[in-house]
Each structure stands twice: as structure tokens, then as C-alpha cells.
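The structure appears below as C-alpha cells.
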Amino acid sequence: MRLPRLALALLLPGAWALSRRDQFGPVKNVTLQAPKKFIVEVAPGVDLDELADRIDTVSTAKVVRKFKSDIFTGLSLESDRENIDTLERFAQFVKAWPAARIQLDPHVPTQSFSDDAAAANYSVHKYTGVDKLHEDGIYGKGAVVAVVDTGTWYKHPALGGGFGLGFKVAGGYDLVGDADWPNGSPKAPDNDPQDNLGHGTHVAGIIAGKSDWYTGVAPEATLLSYKVFSTVDSTDEDTLIDAFLMAYDAGADIITSSIGGLSGFPDGPWALVASRLVDQGVIVTISAGNNGEDGVFFGSNGSSGKNVLAVASMDPGTIAALPFEGTFSLNGQVNTSSLGYFPAGNPWRVEGLPIIPISNNTSILDEACNPLPANTPDLANAIALVRRGTCNFAVKQANLEAFGAKYVLVYTNENPITTPSTTDFDSELGLIEAKAGEAIIATIAAGGNVTVTFSDEGDRLVGVFNSAGGIPSEYTSWGGTYDLELKPDVAAPGRNILSTYLENSYAVLSGTSMACPYVAGVAALYVGKYGGRSVHGPAAARMVADRIRSSGAAIPWQVEQPAGLPVDYGFWAPVPQVGTGLISAVKVLNYTTSLRFEPFALNDTAHFSRYHKVDITNGGTKPVTYTFSLQPAGGLDTQSVIPSYLVYFLEMKPRAIVPKVSFPSGTFTVEPGETRTAQFNFAQPEGLDPKTLPLYSGKVLISGSNGEEFSVPYMGLGFSLKDEMRRAMFSDSSPRQMGGPNRDDIDIFHSYDFNLSWLIQDFPKVQVELKWGARELRWDFYEAGWKESHWQYPPVVGENGYIGSAAYWESSGSYWAFDPTTMDKEKTLPFPVVNTPRTSVWSFGEYSFWWFGKLANGSYISPGNYT
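Next up, the structure:
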């Protein structure tokens, strides 16, 4: 059999196997499409039960799930003989999608604490204004928040200690069971959404946790828990859709989901359902994703939905630490204070030891980096206190151990505080914040003394200052969507967030998974005070979303460094990284002005969208005059130094790119109860080189004479995206087809007999690198001599020379070679694949497709020559 040329057609610039480029070691990959599974939307008026019965009776497909809802009516199907082309030819189907496999967003556990943890209230609420709302007695009472996640450890005292009516977690459902679905076991749904993984419990605590010392954002809100992960970190889109529709039917005001897979397209089935729920008044928050290192246009699937709030992560200025007690004695006065520390290992057990500073001079940069003088006091029965800097911790420890030190406490310098690491385990090492160390030294220098007590019982936590706070988290994923809509929408605290965890414990985790429920909690505060969809109807969600988006405060474009303070580039962080910025709960709830707007998507140079508007409603009792100004964020060139790729995070260098905009002329005054429309006229930035693929963004600030200020985001491209995609949709060497054990190029190895044995490997392996996301990616076969002028879309088997689409092995790229003795060649997925994200130079290098001769309809291609 001879395949003279690779037929890989790209249609409409978005599953598959993603692999890092690794020519010698094992190739890593992530499979994003659920095997043999499709989601179809059924046309209005079709009897769903009758259709499902007919499919099960007369077709090769199997109905897995029926969706009966005014939001989405459809089916989940399994078939190894269909693809989206054949499914969409059925008159009863409006649209078909491959069902995507969704991974739980990774998070970074940094600390965990025992079940009797209690402390002076660690909190990040002062950065968002939630603390002020709590002072006013606003706690979210009456709001119903559905958490679609790994379930909830509802036994936790801070989460109410039980499940069902009368408890904080009042309802929900386990859609998957407690085995290892989807990795082998079947689903085993039941009425008990108890968490196995901890992620959902942490999310629930951020929203509504409450103990004597810990307070979530909306501690009096009611939670519904929908468990979509079993004991493994994988689920699929039809399960998520099922959970969202259940939450809607149960009366949820807010649905939050800290889940996402790579996409960046707003029209996947999960994103579509989420958007429709917003249209019915349900506020939906979904995490933006944790792929920030990959750069721009790397959004997730659910959060790309229209009017779904995609939430980015920022680093708050407070992090949780273990406590110790310091007793300060000076001039006959004694004061005991709680201080925070980060041990390098286990918590310390120390009772009443004195602190001995190595020096009373707090400006010595290299303290204890060299051997200490002979008159250094004996440190055997004391805590040695030394300044951070210049050398590593182990060097300081060794020099202090020479004088008997068993405990070394380091107070930090300008570097952000963190858990220290060391290679010296002969003494205990801990780190405290600079102001604590300086206060201790000041007391001792003035003639006093300080003794300290450390306990390992974990019965308290304290919040300590984070000098690296107030910046975007480097892991937060960048938008916008591939149709140039603005994502993410807003940012919230997401790094080093303390919340509830399994077995009645607490943990500190990081990720947009932690930022997302924070925004849901703010929405719950609003609903608790003003009502949700039962009061305001379908308009409720858009109203709250606009208030949340417009509340954002600009965040500086700073980048965390391995050592020292973050680098400040002198620009505001761009909209595709943090949306409008850090959410302000006070603005969301207390401002009397309301805005109605679509984010200003300026598009590209070929389709520039000049005119935009904002409806401004004065809900106060006095006239308000509004003024308008531009707050540009840092622009950037998105072309990487590697020609076939977009810029990744470490390459980014912000620069000034500012569009011109005309604001409403004259005095813009809005009377009480009145709504006026403000019109804005943008002009493209001048002097841009389209070859560098410039992206620019920022906000229009709307300031009222009543002291209120709002943000409306804009984003645009300084080049034609369509022209760029035509020029460089793929990398210079992609797509490429290889075959044989040596992976020879198609020019050498272009005839195949599909001998799959380990030493022969006689089949084509196609690798694809996408500079831009592809809405549809095809591998089609035509009769010999077929000409491109005969092409039609969608192609139909038997017409115009079309033979069919390939079905590729579902584990393509996961292994160096196919082993027919241990692997199943029948486990295939059909082309076309849809909503395919771009590849990146950082972590997602290429797509791999291995073809063993099978077509999408389940048959095998006949011997012959094909195009």
C-alpha cells in the first residue's frame, strides 16, 4: 500500500496526544479526548427518549447519558464508527463534539495542619474588602453556591459537620463513585459526595468555611456539593454538564468549578452550557487555569464561555505560618506576642529559651557567612538569631553550630519569606519575617531580653507579611480566547491559601483553583444581601458579573524571582493575564452605580472594532457626574524568538502600546434612577510592526463625582490574525509524517503495509505543532488523483473522491514504539478533532497521531494509492 502524500487539512482556525519534544527519552503526553465518546445537542421538538431508543436499537452507537433540560437537550454517545462529520448529518442533531477528558487543575500543597488548628485569624480578606463587609454583618446568608469539584469533606467542623438539610453542605450528588473511574472502574453514582482528593473541600472552605479562628468569604452561604472526580484527577465533559444542570435544577444561585483543560474556544459543550446558565440568571465562576508559563492564548475550556467569570490568581500579601510565643522584657515591663515562623523541617519543641542575636546591627549583609569570632557566646542553650543573606542557610548553620547552636532562627531581608531549605540537619532551622527579627534585636539592644516557646501541637496559625504579595501569580493562565474575546475576567487571591481539607484538617494550596471560589464567595455575599435569580430573574447573573468585572483594581506587572523581590517592569499587568485586576467586594456590594457592558474586544487590524458602549445607571439618590480616562496596561510582542511559536512567560518584555480613544464629550451627568449610554471610539495604536505580533490591553476608567470608580477592559492585536494564521499556522517543520523504527521522513518512508511489530513499525506517525489554536484539525483520505478543487466541507464518504477520515491510536505519542503484544491497536479516536489548543515551546511541544490503517467509520482502508 502506498500513501504518497500526507493529507492533513486544517479547517477554520483548537482529543489527542500532546508531547514534549524528546527524541531519546520517553515522550510524555496528555490525552484530551475521552475514548469513543461524543456529546450531541438534539434539535428542538425531538422526542429525546424515542430518539435514544432508536439509536440503541438500530445504530452502532450506544447512548450513555440523556440531557433533558431547557438549558441543553442532548445525548452522550459511545461509538467507534462515527465522527463529528457523520453525527452532524443527522437531522435530529444540532451540533456534535468529541467529549473531552478534563484534568483537575494541579495545585501546590505547601503545608497542612492538624484538626485542632486554631489561630489569630489568618486572612486575605483585607486585600479585597471582604473584611469590611463582614464588619457590616454581611456573610452571604440565603445564597446557594454549588461546588462542582472532587466533593466535600462535609464532616469538617468548619464546614458544618454534616450533610443534608440543616447543614452548611445542604445537598449535592456524587456522579462518579469512590473507585477509579474513568481509569477502569465504571461510574457508581450515589447520594453521598464525600471528598476523596481534598481539592473540593479546600474550595468549599474558601467560600463558606467558619470556625472560631477561620472565616471564609461567605460563611453563612449554603453549599451544594457535586462530585465529578472519584479517586483520580480526571473526569469528562458530559459529567461536568450533568453536574451543572443538576445544580441549576436544585436552585443554585452560583455555580463554581475549579476545573479546566486547555482550550481557549468558547463553544465547547461545557462552555456552551455554562454560558446558557448565565443567561438564565446563574452566576458561573470557573478557574482560568495554571499554564501561565506557556504564555498568551492558553485559556481553558469551561472558563472561555461567554459571560462565564474566568478567574485569575494573584499573590496576596499575607501567608499562613506556624506560631511561636515571644516574651519581651524591657524596663520592668513584660509583653507576650504571637509570632510566625517557617521551619525547614518539623515544628519545633522549645520551652522558654532565650534568643541571642549574633549582632545587634540589622544591616549586616553577610552575617554568619564566615567563621564567627572567638568571643561569640555559647549558643547551646539559646536560640541563635541571624540575618538572612549572601550565603546559603547551611553555611550560617555550620558557623553557628561551632558555638553549640541547636536552633537557628533566621530573620529575612528584602527577600520574600518562604519555607527555608537546608542540607545541614545538625541544627533546627526556621525563618521569620524581617520586622519580627528587628523587633527582637531592638528589645535586646535596649537592655531587655526575649525568650521564646515553640510547640509542635499545631494548635495555632498566624498570618505573616509577604513582601512578594500584590502581584500576578506566575502560573495563572493567559487569555484571550482564539476568537479574541477577553479572558480572564478578574483576579483574586490564589497563592498560599489556607482552607479546610480532608480528615478535618487544614491545608495551604496554590492555584487559580483557590482564586475561583473566592470570587464565587463575593458573588454569594451579593446574593445574600440583594437576592439572586429568584429575585432578579435571568438578568441576575449578568448584573453581578458586570459588577465583579468592573470592580477590578490594577495589579502591577511584576515577576517573581528565585531570590529577592519581584522585578517591577513599571507597567500594569495586562488584561489577558489578570482581567480587570483584583476584585473589590466593597465595590461589588456597596457602589450605587451599575454598569452594563461587553468587554471591549478591539479585535485585530483587519477586523478592528472601533465603537463600544457602556450603559451607566445611577442607583443613588443624588445626581452623579462621570469622567473617563484610559489606564493602559503593558503591551507585548507575542512572537517568540523561536519563529514557530508564540512568546512564553519568561520571554515577555512589556512595552508601551496605547490606542487612542475618544470619550463622551461635554459633562456626563446621570440623574438618580436614570441610565445613560457612554460611547467610546477607539483608534488603533500607531507605529506597530505586525511581524512582532503586538498585543495591547488596558482599561477605561469611569469615575463618579460620588467617589466611585469602575474598570472596563479592552484588548486588541496590532496585526491581522487571519493573515498570520495563513502564513504560519504550523511550525516550519510541521506537519511531518514519519514511519518505520527509525522514524524516517515521508520522503524516505512513504509506503505502508501496517506491520506493527516492534522491529518494523510500518505505519505513519504524524506530528503537528500549532502556532495557533485550531477549531478543527483533519486527516482525510481521497482517491488517487484527487484535486483540491474538488474539496467540499464537510466531506461525505463516497462523494468527490472522499474515502474517509483517519482514526488514530488513542495513546499516540505516549510510547516510543507500538508493542502489539501488550497494546491494543483497536483503541482509536476519529478525526476530525476540534477546539485544539496551540502548542508551546515551554510544556506542550507537539501533537502525535499514529495511524494503523483504520478509518473513522471503523473499517480499514483497502490497499491502494491515496491522496
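Throughout the sequence shown, residue numbering follows the numbering used here, covering 924 to 1790 in sequence.
Don't be surprised by glycine CBs; every beta carbon is placed ideally from N, CA and C.
According to DSSP, residues forming a beta bridge with residue i
i, result
"V1482", "V1490"
"W1495", "P1479"
"T1561", "T1561 is not bridged to any residue."
"K1703", "One detail in the question is off: residue 1703 reads as Asp in this sequence, not Lys. DSSP, once it has assigned bridges, lists S1728 as partnering D1703."
"H1535", "F1603"
"K1777", "Y1783"
"W1020", "I962"
"D1097", "D1113, K1150"
"M1638", "A1524, S1620"
Straight-line Cα distance separating residue j from residue i
i, j, result
"Y1770", "Q1203", "38 Å"
"S1148", "E1397", "30 Å"
"Y1534", "F1388", "44 Å"
"I1471", "R1465", "10 Å"
"G1065", "G1095", "17 Å"
"S999", "M1661", "35 Å"
"A1211", "V1140", "20 Å"
"L1640", "E1609", "12 Å"
"V1635", "S1473", "6 Å"
"S1735", "F1772", "5 Å"
"G1589", "K1545", "19 Å"
"F1265", "T1145", "35 Å"
"E1408", "Q1320", "53 Å"
"R943", "Y1062", "Legend: pLDDT at R943 = 32, less than 50; position of this residue unreliable, value from coordinates given subsequently. So the alpha carbons of these two residues sit roughly 47 Å apart."
"A1042", "S1656", "In this prediction, A1042 scores a pLDDT of 31, lower than 50, which makes its location untrustworthy; no coordinate-derived value is stated."
"V1413", "V981", "49 Å"
"L1679", "D1003", "21 Å"
"T983", "L974", "14 Å"
"L1120", "G1370", "52 Å"
"D972", "G1621", "50 Å"
"K1811", "V1070", "Since the displayed the chain opens at 924 and closes at 1790, residue 1811 lies outside it and no answer follows."
"L1302", "P1280", "10 Å"
"T1313", "C1292", "7 Å"
"S1785", "E1706", "11 Å"
"Y1429", "D1238", "19 Å"
"W1136", "A1328", "35 Å"
"F1586", "Q1715", "47 Å"
"P1021", "E1005", "10 Å"
"D1176", "Q1690", "45 Å"
"P1718", "A1779", "13 Å"
"V1099", "K1110", "5 Å"
"T1158", "I1164", "11 Å"
Residue i (DSSP reduced to helix, strand or coil)
i, result
"W1193", "helix"
"V1720", "coil"
"D1379", "coil"
"I1182", "strand"
"M1437", "helix"
"V1501", "helix"
"T1548", "strand"
"L1409", "coil"
"F1388", "strand"
"Y1149", "strand"
"I1361", "According to the sequence as given, residue 1361 is Glu; it is not Ile. Helix."
"P1753", "strand"
"E1397", "coil"
8 Å contact criterion, which residue i and residue j should meet: CB distance rounded
i, j, result
"D1161", "I962", "6 Å"
"A1529", "D1646", "7 Å"
"A1023", "G1191", "7 Å"
Any non-hydrogen atom of the ligand SAH within 7 Å of residue i CB
i, result
"E1248", "Only the bare structure without any ligand can be found here, which leaves the ligand SAH out of the picture."
Inter-stretch contact (C-beta, 8 Å, three-pair minimum) for the region 1125-1135 and the region 1437-1446: yes
Pairing CB atoms from the region 1616-1624 with CB atoms from the region 1554-1564, are three or more of them under 8 Å? Flag = yes, the region 1616-1624 and the region 1554-1564 touch.
Between the region 1528-1546 and the region 1504-1519, do three or more beta carbon pairs fall short of 8 Å? Remark: three or more beta-carbon pairs, one from each stretch, lie closer than 8 Å, so the region 1528-1546 and the region 1504-1519 are flagged as touching.
Does the region 1221-1233 come into contact with the region 1403-1411, if we say contact requires no fewer than three beta-carbon pairs (one atom in each stretch) closer than 8 Å? yes
Below 8 Å, can you find three or more Cβ-Cβ pairs linking the region 1012-1020 to the region 1149-1158? no
Hey, is the region 1497-1508 in contact with the region 1260-1276, meaning 3+ C-beta pairs nearer than 8 Å? no
Report yes or no: do the region 1565-1580 and the region 1682-1689 share at least 3 C-beta pairs separated by less than 8 Å? Too few Cβ pairs lie closer than 8 Å, so no.
Taking 8 Å as the cut-off, does the region 1324-1341 touch the region 1251-1262 (at least 3 CB pairs, one atom from each stretch)? no
Are the region 1447-1458 and the region 1069-1089 touching by the rule of at least three beta carbon pairs closer than 8 Å? no
Pair every Cβ in the region 1360-1378 with every Cβ in the region 1238-1252, then say whether three or more of these pairs are closer than 8 Å. With a cut-off of 8 Å, the region 1238-1252 and the region 1360-1378 count as touching, because enough Cβ pairs lie within range.
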